[in-house]
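Please read the structure below before turning to the comments.
Chains as they are written, first to last, in the numbering used here: chain A, 1001 to 1431; chain B, 966 to 2031; chain C, -5 to 337.
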């Protein structure tokens, strides 16, 4: 293992543990440590990262179907990366939404007494089906290489994974390819409609929230999912190779860049019309005012800086005006920036919408919690307040604990990813 | 300073202060039991709170309306408060008095937001439960806890009590025994009761005399009493404050009892102690910072101090500077009737108020008037009514009872009585030689001749001419009505309107509407118009509107209220006639510190000074704001010991900065003791703070707002075990409280009327229940024989015991309670007492409210349209004679009656009260605070634009007498200077040029600041101190310097006149 | 769109008519209530007959009448009851007694208000108005909040009350999002009373007494499932439930019995003679956001001023969007680009 790679792993371990302290605080003090408890907003950072990860997962999976569903050879090298990213992102989904539940320990009720008229319950089950498909697919596409590694005596883990199979025949390959193809094709509706469209539906069916409500929401979710998933796969493929000192395949990079640019423009196209139509109306509709907040209100920087500048302008500039295959690290940076931009989009889906209360004329007094002393030790509350002390009324800004916990999830996922790419044969193993 | 305290420290504090800890440790256990019980009952859905065994009825006091409440108690914990359905204040009509307890248990009646929150005041974590003694300079908020007995010993005996406080090492603090001169006399064989009575009668002779005669009587008095006292080895100066002015009274008067909120029950209890046992005449409550001029105006006109519209049957009401939904005398009792009458009964109402109150928001018409000009508005209306002959002439012409009876009028006025222009006195028939001294003169309506009239004559109807201006026997006379006419005509309608800052149309429309409903219209007022230096006249003018249509006593008119059964036994003279059950009662005498109810001319001080140093107030009483400044000036005498009970002069009084300065000065007030449930804003300046029992833990018999037309006697009784520590007095264990302190002092000094034979032979007065239960028995017995309540049956007795089984012996001891209600003749009133206690009082049934077109309990008889008492009084201090009819006087005047010009301060500051807060008792009610965490400075949009202010700007309010806008709290470790600063709220709901700040925010005491007890810092809670209190910037009187502006007649303190400026802070 | 302020235009009557509850009940004639024997004969005896114009003034208190009707309805099986609340906005005085009474009754923590009263100002000086609007849970017939619950922790009872099983709620707050009335809120675990250690009663007292005094809401009842302590509601969603624990015992909901303006009424819509039915017939009513099809069980009476109340609500929505949101969140648009453009 390269030193570079070891250093990377070490840094991730440190960061994960350091930020992981927030989980302890979360368990001890429940949602009190969030800025939600101090504003009239009920969903916040963790929910936006929940849908962010759902999007990444679905997007990454759909990229993988280019290979396994439609057999596009240009993308063959990133196929397994895409699947692994889809799996880990789904783990991120779980990790992000779990602390957001006021009763974490009761999440099991989603499976023991689900209500299938609720899209959250539907989703909870969809994720299970989806992850089974993902794992099966990843296993099957790398089975040949696992057996090879097992035979080579590379480690007990591979013998275990090979399930006692010693040889991998042409016939096996053909059968696996067929199963994978079927799984990939089944996976498309599961991911696009069930997983991500469904997550969009969680929002889209809420008639009480005008900006969320509507058929467009799930579609928009899927589009941005594709975009973010592709960008992340691109970035992680390059970075992994760079860290491992491997060779970065220029064809793959160029093909991925093409896809990413295309998706970015489709995304922009949708965003443009969403903004323009809503801003053009003279009626003070909820949509217009929420866009107003998003564009020019307290959250302006999320849209202009995170979404537009970091998420589109800078990375598109990089991808379009440099030669990605020659300067792959720049392309990776562009990919990461796009992913961050999509995180901004997710934030803006959840939060500005909640600025509008069900009854707008509820006086602001109702939102000011008479926060008494509490069992929260000073440093916990203080740290939370320090960054979120404007969270008042409808305005929500996450506390340091929310940020830390979210960061810990990202670090953990990166760590797992870095370990898995070491363990799982990500590319065809040479004989 | 505020070091973080470890849990260990807290436990220590708990051990020191938390005497109630043991009681409360049982709570969780109680709840477990409760949960099990509920679980068992769950199948049937039975709610234990709906059972009478969980209920004790009592009376609220979060505001002075004192609504009957129903307390729901579980295992000794008060869990819910709601309205008492037996009470006419909480619902209309209330349920019949005989309704079974289990039926009533399921009916919760209305109760306002403050009443609901009482639980939070009761279980306030900042409750004081041990005796605290100052451990630093006054206001340092450093305390130490001391045993109750030691505290009593120290305040009784005095001495170098604060030798550990820097600067006070050698200060000799006077004790109660030093000034209880009757103890000296008694100890040397004298009989205080007879001597004091004797002295008192001699003094009254002196007061009645004038000129040289007065001086002679003084000398005579001194000669007589120096001789008498010599028998006991005493000199005049041992007994009297100033032997040259014996009318100032004995040294006992240097003990001052100053109550903020005290109500019937405790009022009588404490008066027995202060006046009848200790012999000090200085017993006060807070009325002048409340609405005293309103009471005085009503009192001067009718003799009753308070009247209210019969809301349900009214067709038109004008609320002057008050509402029914937020403050006044009761949102709970008035709001539901008002809204009901509007929706179902066709009532219309108008609100005349600079601010759009919630009442105004629902009004047919809101008239945003300039503060303090209500009298001008009313005079404008009077002018219109007179000009358009819309007054009830038939009613006003009636000059005696017989004439009124003939017209079916419950009342009549002295509108036609002739007034001597020269001295403002009513012309007596004897002066014309046509009748007696007690007869007045009218110009007979038929003959046009002067005719004698006896107001009470029920036989010979007399009717007079209304407008009279003539000379009889060389005496220039005018009728009262004529004087009113002249006053109303002194300005044109446009001029009246311009004074008020309203349109002429406003006056005309209201006047026309007011006179379009016969007797079913009422002009109602409370605090707004009267808390001004011109308050009395404003009040009188508004009440006069009612006289013009003669609505008093009519259904739908003005009601004196249903009244109450007399808890002191005064009417029935039994079964417990409390004032005569006082062996050895002392007759307190002398001029009160505030010179109230006294005329300067009667006092011996008039022999030595031409113009008094400070004003005298012959017409009013309870001059709260004047107590400390008078003591500071030593006029008419200095005081030694001040007991502040449930009051906060240093916070609630206008120009509170001046009051605080006096409180801080140990020279001016050598010893301050306080009884409070929390360390309040003023209490923190006291030397000793005694814990008091809270409303829900104690007794009382408050009276009812007159908007209730049926008779009601409310009984407050302990619902839960007091949190405070107990003490031992007369061998009895009892919670530390105002009552316990009085009993303890009585025991220590041997005051008459206390102890094992306190009420008479074999009738002990050693516990508070001995007193209060006798009051309850009096209520149960009624005002006459045959007026008794039924006996409680066995089931009721069972419920009674069951509901009280959580109460400790120190509070509820059935055998002891039973004994207290066996009257001197041996009659047992116990079952009747239980019947009353089971219902939280005694309430007449709703169907007794009306008697045909009249109110059953109506005011009858003479009403003074012309108030002779006031109109004939010449104030030496001001150099003017007052007026007997309402006149317009500008509101912003000094104590000499001269207008104050604060031209640099262009805005008028007013205060008001949201329904969310009591005066200063609700800062710990977090439930309410969540509705309105802080108050704002309300300002009209236009004014704000002129000043460049917008919503949320922080500004400081400054005035001419407090140009820095500061609360001078000092620079202690815990209590520091503050500024009168708050956030601006721009609204269309206030008159331009006026800024309004609601009361009951901006606390610096009451748990809002840190304090130190026994060296441990107890952190304050910031939530309790949010917002601002503007009292410190309210205008000091430029002449007197240390007191706010005051109404010379009614005594009301000015709350709504100060000219201020807003200085932007951020 | 948010603005659910449609005036019913007789939709109530048609609704009631559909159910045929009003068959034979004449307007005003149903006012007369039979005197019951026994416990519930609470009416003041021997009333002099009131003059016609002051119709209801001398009758029994609404509280007594509603209590009596409630106790009658309890004799019927659950599914035959239909609890509704009627709020007469003409009588609401904006006092928040209901709000605080509810906090006291249900021991809700800071940040949770089952029944806020919204107050807003409209108009310009001197023609200003204050508007008051209490907002309990609407107990919708078609509740949008229950179907979204992923774990079946909330449902509509047969008598129309929407309840939450506190033992089952996972705290996802999806129902909070789904409620168009803002009637659901999350218990974040704050407490009213400062940590005991800070006060003179340090250690135990006030805290035990105030916060651990549990509401019946927490008690194990047939409606709420298992035994709950304060700890068991932390992190989950809570809502108004018309005080089931009171009504099931024949006591009116806390907000109704404490409403000092007498503005809040409660009763059984299935009882054609009930006070609530009488009021709806006499005055007509509107419901909030009816266009969402939620069929609320809370009716608002506005009387003749109804239309103006609704237009004021609408004006306030617009003003809120243009002013309050602007203030809280900033933003530079006042009108749409098509209309006004950038300022």
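Here a beta-carbon is modelled for each residue, glycine too, at the ideal position from N, C-alpha and C.
One question on the structure: do residue i and residue j come within less than 7 Å of each other, judged by their Cβ atoms?
{"i": "residue 1162/A", "j": "residue 1150/A", "result": "yes"}
{"i": "residue 1304/B", "j": "residue 1316/B", "result": "no"}
{"i": "residue 931/B", "j": "residue 1275/B", "result": "The requested residue 931/B is not part of the displayed model; chain B covers only 966 to 2031."}
Can you pull the chain A neighbours of residue i, defined as C-beta to C-beta under 8 Å?
{"i": "residue 162/C", "result": "1106, 1109 and 1113"}
If you run the structure through DSSP and keep just helix, strand and coil, what is residue i?
{"i": "residue 1164/B", "result": "helix"}
{"i": "residue 292/C", "result": "strand"}
{"i": "residue 1889/B", "result": "coil"}
{"i": "residue 1061/B", "result": "coil"}
{"i": "residue 1271/B", "result": "coil"}
{"i": "residue 1489/B", "result": "strand"}
{"i": "residue 1401/A", "result": "helix"}
According to the neighbour-count rule (16 or more other Cβ atoms, all chains shown, within 10 Å of its Cβ), is residue i buried or exposed?
{"i": "residue 1256/A", "result": "buried"}
{"i": "residue 1430/A", "result": "exposed"}
{"i": "residue 1011/A", "result": "exposed"}
{"i": "residue 1682/B", "result": "buried"}
{"i": "residue 1576/B", "result": "exposed"}
List the residues of chain B whose Cβ lies closer than 9 Å to the Cβ of residue i, in chain order.
{"i": "residue 82/C", "result": "1304 and 1308"}
Could you name the residues of chain B that residue i contacts, counting a contact when the two beta carbons are closer than 7 Å?
{"i": "residue 97/C", "result": "1892"}
Is there at least one non-hydrogen atom of the ligand COA closer than 6 Å to the beta-carbon of residue i?
{"i": "residue 1318/B", "result": "Looking for the ligand COA in the displayed structure turns up nothing, as the structure carries no ligands at all."}
Using a cut-off of 9 Å between C-beta atoms, extract the partners of residue i located in chain A.
{"i": "residue 132/C", "result": "Those do not exist, as residue 132/C stays about 11 Å from chain A at its closest Cβ, beyond 9 Å."}
I'd like to know whether the C-beta of residue i is nearer than 7 Å to at least one C-beta of chain E.
{"i": "residue 1078/B", "result": "Of the protein chains in the structure, A, B and C, none is chain E."}
Note down, in chain order, every chain C residue with its Cβ under 9 Å from the Cβ of residue i.
{"i": "residue 1074/B", "result": "55, 57, 251 and 252"}
{"i": "residue 1030/A", "result": "165, 182, 183, 228 and 229"}
{"i": "residue 1015/B", "result": "240, 243, 244 and 245"}
Anything in chain C within Cβ reach of residue i, meaning under 8 Å, just list it in chain order.
{"i": "residue 1194/A", "result": "By Cβ distance, chain C contributes nothing, its closest Cβ being about 15 Å from residue 1194/A, past 8 Å."}
Run through chain C and tell me which residues come within less than 7 Å of residue i, C-beta to C-beta.
{"i": "residue 1301/B", "result": "254, 255 and 256"}
{"i": "residue 1358/A", "result": "173, 174, 175 and 176"}
{"i": "residue 1027/B", "result": "Under the 7 Å cutoff, chain C gives no residues; its nearest Cβ is about 11 Å from residue 1027/B."}
>> If the cut-off is 8 Å on Cβ atoms, which residues from the region 1673 to 1690 of chain B count as contacting chain C, listed in chain order?
In response: Residues 1688.
>> What are the residues in the region 281 to 299 of chain C lying within 8 Å of chain B by C-beta distance?
In response: Here the close residues are 297.
> According to a CB-to-CB cut-off of less than 7 Å, which residues of the region 54 to 84 of chain C neighbour chain B?
Replying inline: Listed by position, the residues of the region 54 to 84 of chain C near chain B (Cβ gap below 7 Å) are 54, 55, 57, 58, 61, 82 and 84.
> Name the residues in the region 1204 to 1217 of chain A whose C-beta lies less than 9 Å from a C-beta of chain C; which are they?
Replying inline: So the list reads 1205, 1206, 1207, 1208, 1209, 1210 and 1212, given in the order they occur along the chain.
> Just by C-beta distance, which residues in the region 111 to 145 of chain C are closer than 7 Å to chain B?
Replying inline: Answer set for the region 111 to 145 of chain C: 115, 117, 118, 119, 120, 122, 123 and 124.
> For the region 1140 to 1164 of chain A, which residues have a beta carbon sitting closer than 8 Å to at least one beta carbon of chain C?
Replying inline: The residues in question: there are none.
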